[in-house]
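Quick note on my numbering: the sequence shown kicks off at 9 and runs consecutively.
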Amino acid sequence: MKIMVIGSGGREHTLAWKLAQSKRVTQVVVVPGNGGMASADGKIICLAPPAAGVAGLVEVALKENFALTVVGPEVPLAEGIVDRFQAQGLRIWGPSQAAAQIEASKVFAKDFMKRQQIPTSDYAVFSNFLAAQQYLYKQLAPVVIKADGLAAGKGVMLPASMLEASEALRQIMVEHRFGAAGEQVIIEERLAGPEISLLAFCDGKTAKLILPAQDHKRAFDGDVGPNTGGMGAFAPAEICSPAEINQIVETILQPTLDGLRAEGRDFVGVLYIGLMLTADGPRVLEYNCRFGDPETQVTLPLLETDLVEIFEHSINGTLADLDITWQTGAAATVVLASGGYPDKYEKGKPITGLDQANALEGVTVFHAGTKLTTAGQIMTDGGRVLNVTGVGADLPQALARAYQAVKLIQFDKMYYRTDIAAKYIKK
C-alpha cells in the first residue's frame with residue numbers, strides 16, 4: 009500500500025513513522041510534511057500539493073492513486089475533506105464534516121453535551137461583547153473563556169482574575185485575536201481536578217480505547233504561563249483506575265458516539281475527549297475530532313497492532329472484530345519550543361544534535377515545526393519545533409531517555425518544560 013498522510017506537524021510525523029512500520033506499506037507520502045520527516049530509506053517522503061486547500065489534496069490523491077489517506081489536523085476535517093474524497097471514490101480515514109463539528113465549534117459541542125446529557129461544566133454563549141461582560145461580572149467563581157471556532161489550540165483562556173477575564177473577552181470579541189473563530193464566545197465555570205486525555209478509535213458504533221495520556225498545556229514549569237498546543241505528554245496516565253475508565257466509557261464516550269450517530273453524524277476516526285476528574289466525577293472539557301498533539305507521540309510508540317489494520321476496520325465499521333494490543337512500559341515526550349511561543353517567535357534557527365539524540369536507545373525525535381535548507385541544514389520553522397519521545401520499561405525510564413536526548417539538541421532561544429510528568433513519579 010501507498011498511503012498519504014495529510015499535515016505537517018509532530019502528530020503527522022508520528023503517524024507516518026508508525027504507518028511505515030506496517031509490512032503492508034510500501035511508502036508513506038506526507039503532504040505537505042516538513043523538513044525533518046523524510047526517512048533515509050525513502051519509505052517516508054514529503055510532497056507539496058499543486059494547489060492550496062482541499063482541492064489540491066484531492067488532486068494529489070487522484071494523481072498518485074493512494075490506497076488510503078489519513079488526515080492528521082482538524083482544519084481539513086472541519087472543511088469537509090472526508091466528504092470531498094469520498095465523493096471522488098477515494099478511501100480516506102477521518103470523520104465527516106458533520107461529525108467534525110464536535111471540535112470545529114465549541115458551541116456545538118457544549119449544546120450537544122447538553123442535549124445528550126453528557127457531564128460537563130455550566131456555560132453561556134455570547135456573540136455580543138457587552139452582554140458577555142455583563143454576564144461575566146455576575147460570576148462569583150473563576151471562569152474559562154473559549155473562542156467558538158478553531159484557534160490552533162490557543163482559543164481557551166484561563167484568566168486569574170476578573171480583570172484578566174474581561175481583557176480576554178476584549179481580545180477575542182473586540183480585537184478579533186482569533187478572527188472568525190471568536191465570533192461566538194463561551195464563558196463557562198472553571199472546574200478543578202487533574203486533567204486526562206482519553207482517545208478512542210471509532211467506526212461510528214464501536215469505540216476502542218487508546219492508552220490514556222496526559223498533556224501539559226501551560227507553557228512553563230509548575231503549570232503556569234499561557235495555554236499552548238501542548239508542551240509535553242506521557243502515557244499511560246494511571247491517574248484513572250480501571251473502574252473510573254469504565255465509568256467514563258459508559259457515561260461519556262459511548263453516549264457521545266451514540267449521540268452523534270443519532271443526529272446523523274456517524275463518527276469514524278479518533279475521538280479525543282479532554283476530561284477533568286472533579287470531586288463530583290469526570291466532566292468533559294473539550295472534544296477533538298482527531299489525534300491529540302502531543303498525545304499521539306506517546307501512544308503510537310506503544311501500539312503493537314498494525315495501525316493500517318485499525319484504520320481499515322474503522323472505515324469498514326468492523327472495529328468490534330479487532331483486538332488492539334499495546335506493549336507494556338511507558339512513553340514520554342518533551343516539546344522543544346521557540347522562544348516566545350505561543351505568542352510571537354522567530355524562525356530560521358539552525359538545529360544541532362538531532363542525529364545524536366535519535367541514536368539513543370528508546371528515543372525518537374518527531375519534527376513538528378522544522379524546514380530543510382538546500383544545504384541540508386534542519387532549521388526551526390514553527391512555535392513547537394520538536395517532540396523528543398522516550399520509551400522505557402516504566403515512566404521514570406521513559407522520562408530519563410527523553411530528557412537525555414533533549415540535552416543533546418540545541419537551537420537559539422529554545423525552551424522546554426523540565427517537569428513533564430514530574431508530579432506523577434512515585435518518590
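Built from N, CA and C at the ideal position, the CB exists for glycine as well.
Can you give, in chain order, each stretch of the alpha helix (DSSP H) that sits fully within the segment 77 to 144 and has at least 4 residues? 82 to 86, 89 to 95, 105 to 112, 114 to 124
Quick one: measure Cβ to Cβ for residue 428 and residue 340, integer angstroms, because I've assumed they're closer than 8 Å. Counted from its first residue, the sequence shown places residue 428 at position 420. Counted from its first residue, the sequence shown places residue 340 at position 332. Correct: roughly 6 Å between the Cβ atoms.
Straight-line Cα distance separating residue 392 from residue 285: Here residue 285 is taken as the residue at index 277 of the sequence shown, counted from 1. Here residue 392 is taken as the residue at index 384 of the sequence shown, counted from 1. In a straight line, the C-alpha of residue 285 is about 28 Å away from that of residue 392.
Spatial neighbours of residue 422 within its chain, please: CB distance less than 6 Å, with the 5 preceding and 5 following residues excluded, ordered by chain position. Start at 1 with the first residue of the sequence shown, and residue 422 comes out as number 414. Closer than 6 Å at Cβ, skipping near neighbours: 344.
Give, in chain order, every unbroken run of the alpha helix (DSSP H) that is at least 4 residues long and sits entirely within the segment 318 to 386. 362 to 366
Mapping the DSSP letters down to three states, classify residue 227 as helix, strand or coil. Here the question's residue 227 lines up with position 219 in the sequence shown. Residue 227: strand per DSSP, three-state reduction.
For residue 407 and residue 430, the rounded distance between their alpha carbons: Position 422 of the sequence shown, counted from the first residue, corresponds to residue 430. Position 399 of the sequence shown, counted from the first residue, corresponds to residue 407. Cα to Cα, residue 430 sits roughly 9 Å from residue 407.
Based on Cα-Cα distance, which residue from 21, 11, 66 lies nearest to residue 303? Mapped onto the sequence shown, residue 303 falls at position 295. Minimum Cα distance to residue 303 is reached at 21.
Tell me the DSSP bridge mates of residue 290? Here residue 290 refers to the residue found at position 282 of the sequence shown. Per DSSP, 285.
Taking the alpha helix (DSSP H) that residue 68 falls in, what are its first and last residues? Within the sequence shown, residue 68 is the residue found at index 60, counting from 1. Here the alpha helix (DSSP H) through residue 68 covers 61 to 72.
Per DSSP, which one or two residues make a beta bridge with residue 392? Within the sequence shown, numbered from 1, the residue matching residue 392 stands at position 384. Answer is 345.
Which listed residue (413, 432, 433) has its alpha carbon closest to that of residue 424: Counted from its first residue, the sequence shown places residue 424 at position 416. The shortest C-alpha separation from residue 424 is found at 413.
Measure the Cβ-Cβ separation of residue 77 and residue 100 and say whether it is below 7 Å. By 1-based counting over the sequence shown, the position of residue 77 is 69. By 1-based counting over the sequence shown, the position of residue 100 is 92. Contact: yes.
In the DSSP output, what is residue 217 paired with across the bridge? For the purposes of this step, residue 217 is identified with residue 209 of the sequence shown, where counting begins at 1. Answer is 208.
Run through DSSP, which three-state label would residue 33 get? Stepping through the sequence shown from its first residue, residue 33 is reached at position 25. Three-state result, residue 33: coil.
Starting from residue 11, trace the beta strand (DSSP E) both ways and give me its first and last residue. Numbered from 1 along the sequence shown, position 3 holds the residue referred to as residue 11. That run of the beta strand (DSSP E) goes 10 to 15.
So, at 8 Å on beta carbons, what are the nonlocal neighbours of residue 115 in its own chain, with the 5 sequence-adjacent residues on each side left out? Mapped onto the sequence shown, residue 115 falls at position 107. Excluding residues within five positions, the ones whose Cβ falls inside 8 Å are 133, 156, 192, 194.
Host alpha helix (DSSP H) of residue 18 (start-end): In the sequence shown, residue 18 corresponds to position 10, counting from 1. Here the alpha helix (DSSP H) through residue 18 covers 18 to 27.
For residue 307, which residues in the same chain have their Cβ closer than 6 Å to its Cβ, ignoring the five residues on either side in sequence? As a first step, residue 307 must be located in the sequence shown, where it is residue number 299. These residues qualify, in order along the chain: 218, 219, 221, 243.
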